[in-house]
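Colleague:
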Amino acid sequence: SQQGEEDPQALSIQEGENATMNCSYKTSINNLQWYRQNSGRGLVHLILIRSNEREKHSGRLRVTLDTSKKSSSLLITASRAADTASYFCAISGGSNYKLTFGKGTLLTVNP
Amino acid sequence: DTEVTQTPKHLVMGMTNKKSLKCEQHMGHRAMYWYKQKAKKPPELMFVYSYEKLSINESVPSRFSPECPNSSLLNLHLHALQPEDSALYLCASSQLGESYEQYFGPGTRLTVT
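Top line first, the protein sequences correspond to chains V and R.
Following the working numbering, the numbering of the first sequence begins with 260 at its first residue and continues without gaps.
Following the working numbering, the numbering of the second sequence begins with 75 at its first residue and continues without gaps.
1. Hey, out of R:83, R:174, R:172, whose CA is closest to residue 301 of chain V's CA?
2. Taking the alpha-carbon positions, what's the residue 179 of chain R to residue 167 of chain R distance?
3. Determine the DSSP secondary structure at residue 260 of chain V, reduced to helix, strand or coil.
4. Is there a C-beta anywhere in chain V that falls below 8 Å from the one on residue 172 of chain R?
5. Between residue 310 of chain V and residue 281 of chain V, which are expected to be in contact by the criterion C-beta below 8 Å, what is the C-beta distance as a whole number of angstroms?
6. Report yes or no: do three or more beta-carbon pairs, one from the segment 339 to 354 of chain V and one from the segment 144 to 157 of chain R, lie closer than 8 Å?
7. Give me the chain V residues within the contact set of residue 124 of chain R, using Cβ-Cβ distance strictly less than 8 Å, ordered along the chain.
8. Could you say which of V:316, V:304, V:334 lies nearest to residue 350 of chain V if we only look at CA atoms?
9. Leaving aside the five residues before and after residue 260 of chain V along the sequence, list all residues of the same chain whose C-beta is less than 6 Å from its C-beta, in chain order.
10. Quick one: grab the DSSP three-state call for residue 140 of chain R.
11. Short of 8 Å in beta carbon distance, which residues of its chain neighbour residue 111 of chain R, apart from the five on each side in sequence? Order them along the chain.
12. Can you check which of these residues, R:173, R:109, R:155, is closest to residue 90 of chain R by C-alpha distance?
13. To the nearest angstrom, report how far apart residue 306 of chain V and residue 128 of chain R are at their CA atoms.
14. Closer than 8 Å between beta carbons: that is the criterion. Which residues of the segment 327 to 339 of chain V meet it against chain R?
15. Suppose the cutoff is 7 Å on Cβ atoms and the five residues either side in sequence are ignored; what does the same chain contact list for residue 312 of chain V look like?
16. Going by other Cβ atoms of all chains shown within 10 Å of its Cβ, with 16 needed for buried, is residue 186 of chain R buried or exposed?
17. Determine the extent of the beta strand (DSSP E) in which residue 99 of chain R is found, giving its start and end residues.
Laid out in structure tokens, this is it:
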């Protein structure tokens with residue numbers, strides 16, 4: 260299966276702390292994407308990292324990709340209560356436009 | 075405009091009903107997608123349209139029938155659904171190519187009674 264596997268499944272931190280989520284996958288990829296979903300709502304794209312990239316930043320987000328280990332991590336710095344959401348990694352591979360989502364990490368940021 | 079809209083927001087239907095979900099985007103994206111998401115699970119791809127033609131059907135039962143009338147609209151026709159089809163149905167769109175993000179709508183919460 261190409262599905263990504265996030266860990267931890269759930270993470271609870273205090274406001275101001277950093278949150279790190281990991282994603283592992285099994286096959287070769289074109290790119291890996293991270294999305295956020297607030298409860299019962301649509302997904303919001305956070306960041307896309309291509310297979311030939313190792314690190315990307317966007318505001319308080321930092322994503323790393325290690326293709327030799329088939330893993331990626333998402334770091335959210337200085338977390339806020341508004342960051343409370345589910346975070347999914349999604350794998351894109353092959354020549355079609357299919358995204359396969361991991362099981363997700365539920366992040367709770369306590370004020 | 076980077077918005078994908080979906081109607082209705084909520085839908086309750088009986089197992090003998092016929093209903094349709096609608097999705098619209100005006101970003102000029104030529105790829106559009108339907109996903110199904112059960113509670114506490116990741117989205118699962120159902121269909122992909124590229125250039126208004128069905129390019130991927132993930133072995134979805136025929137009681138779900140997608141339609142792409144033009145480059146901005148995507149419909150999902152529902153008929154004779156089962157209670158286990160109750161879920162959040164998400165529409166998304168993207169540019170064509172291997173490295174583009176998908177833009178998601180807010181979803182339709184479907185309950186089959």
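The beta carbon of each residue, even a glycine, is placed where N, CA and C say it ideally should be.
Modeller: Looking at the coordinates:
1. Of the listed residues, the one whose Cα sits closest to residue 301 of chain V is R:83.
2. So the alpha carbons of these two residues sit roughly 9 Å apart.
3. With a pLDDT of 47 at residue 260 of chain V, under the threshold of 50, the predicted position of this residue should be treated as unreliable, though the coordinate-derived value follows. Three-state result, residue 260 of chain V: coil.
4. So, interface residue.
5. Contact doesn't hold; Cβ gap of about 17 Å is too wide.
6. Result no; under three Cβ-Cβ pairs closer than 8 Å.
7. Simply 356.
8. Measuring from the Cα of residue 350 of chain V, the nearest candidate turns out to be V:304.
9. Residue placement at residue 260 of chain V cannot be trusted, given a pLDDT of 47 that sits under 50; what the coordinates show is reported in the next sentence. Cβ neighbours of residue 260 of chain V beyond the five flanking positions: none.
10. The answer is strand: DSSP assigns residue 140 of chain R an E or B state.
11. Once the five neighbours on either side are set aside, the close Cβ partners of residue 111 of chain R are 117, 118, 161, 162, 163, 164, 181.
12. When R:173, R:109, R:155 are compared, the shortest CA-CA separation from residue 90 of chain R is found for R:155.
13. Cα to Cα, the separation comes out at about 27 Å.
14. Residues: none.
15. 324, listed in sequence order.
16. Residue 186 of chain R comes out buried.
17. Taken as a continuous stretch (DSSP letters only), the beta strand (DSSP E) holding residue 99 of chain R covers 92 to 99.
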